[in-house]
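The sequence shown begins at 803 in the working numbering and counts up by one.
A virtual CB, placed ideally from N, CA and C, is assigned to each residue, including glycine.
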Amino acid sequence: MEGDGSGRDLILMSLGDIFDEAFELYKTNFRLFAGIVALVQAPGLAVYDWLAYMIGVEPGGTPTAGSETPLNFTGTTALLFFLFVLVWGIVSLLQNGTLTWAISRRYLGYPVSVIGAYRGILPMLPRILTTTFLLTAILVGIFIVVAFPATIAVGMIAGLAGVAFGNAAVVAGLAVFGVLLVFGLLMGAVVVWLAL
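Laid out in structure tokens, this is it:
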């Protein structure tokens with residue numbers, strides 16, 4: 803085995819043993835894992851806030867004084883959503899990949915540092931970034947092509963049906979909610995399928 807660690811034999815463990823080992827690993831290496839997370843979360847949050855400011859939307863999603871028309875706000879929101887998913891996708895993948903690498907190395911008895919953990923995943927960085935960008939583009943593209951028009955169409959049809967039955971707002975709202983719920987579940991299934 804490489805490195806200074808003595809290595810560790812992999813043995814069959816019960817579920818309770820796995821949890822005990824995991825809690826012990828996190829307890830003894832908390833500072834290392836917190837450092838790995840903080841190293842990407844802090845800059846990721848700063849980049850997201852900067853992007854929101856540059857687009858003209860406050861971090862809470864409220865339009866600033868420059869976004870007066872609903873159409874501009876809708877376009878801004880879609881762009882902000884795309885950038886948010888892209889930034890947090892990159893941050894999450896970097897963080898999770900580095901944590902996985904560091905945890906496995908620590909478990910096997912090798913010394914690990916915050917910078918060393920990031921150096922360990924550097925060769926995988928191009929694949930991580932490509933995957934993040936493609937997945938983000940696919941999800942946003944599906945939303946723009948399918949969910950947005952479907953929601954408008956269902957809302958209009960439900961609104962007309964509601965006018966006929968006397969309660970347009972409730973029927974339209976429930977129909978739009980139903981479409982978005984089904985679409986959200988389908989998108990979740992696509993993400994799980996792509997992750998496997």
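| query | Which one of ILE892, ASN831 and THR830 has the shortest CA to CA distance from VAL849? | reply | ILE892
| field | Close Cβ partners of ILE775 (< 8 Å) along its chain, the five nearest in sequence each way excluded | value | Nothing can be reported for residue 775, as the shown portion of the chain is limited to 803 through 998.
| query | Near ARG907, what residues of its chain come up, given a Cβ to Cβ distance below 6 Å and the 5 sequence neighbours on each side ignored? | reply | VAL914
| query | Between GLY837 and VAL916, which are expected to be in contact by the criterion C-beta below 8 Å, what is the C-beta distance as a whole number of angstroms? | reply | 4 Å
| said: What does the Cβ neighbour count give for LEU983, buried or exposed, with the cut at 16 atoms within 10 Å? | reply: By the Cβ-count criterion, LEU983 is exposed, with fewer than 16 other Cβ atoms from all chains shown falling within 10 Å of its own Cβ.
| task | Give the DSSP-derived three-state secondary structure of GLY846 in the structure shown. | result | helix
| query | Does the Cβ of TRP995 have 16 or more other Cβ atoms within 10 Å, making it buried, or fewer, making it exposed? | reply | exposed
| task | Pick out whichever of PHE886, THR953, GLY980 and LEU847 has its Cα sitting closest to the Cα of THR934. | result | PHE886
| For SER894, does the three-state DSSP call read helix, strand or coil? | helix
| Exposed or buried, what is LEU873 when buried is set at 16 or more other beta-carbons lying within 10 Å of its beta-carbon? | Bear in mind that a pLDDT of 46 at LEU873, under 50, signals an unreliable position, so the number given afterwards is only what the model happens to contain. Burial is judged here by how many other beta carbons sit within 10 angstroms of a residue's own beta carbon; LEU873 has fewer than 16 and is exposed.
| Taking the C-alpha atoms as reference points, what is the distance between LYS829 and ILE905? | 12 Å
| query | Got a sec? Which residues, its chain only, sit under 7 Å from MET926 by beta carbon, not counting five neighbours each side? | reply | If we look at MET926 and ignore the five residues flanking it on each side, its Cβ neighbours are GLY899.
| field | Inter-residue Cα distance where the pair is ILE940 and LEU888 | value | 11 Å
| said: Taking the straight line between their C-alpha atoms, what separation do you get for ILE813 and ASP819? | reply: 11 Å
| Buried versus exposed, by CB contacts within 10 Å (16 or more), THR932 | exposed
| From ALA919, VAL981 and PRO928, residue whose alpha carbon lies closest to that of PHE785 | In the structure displayed, the chain extends from 803 to 998; residue 785 sits before or after that span and is not available.
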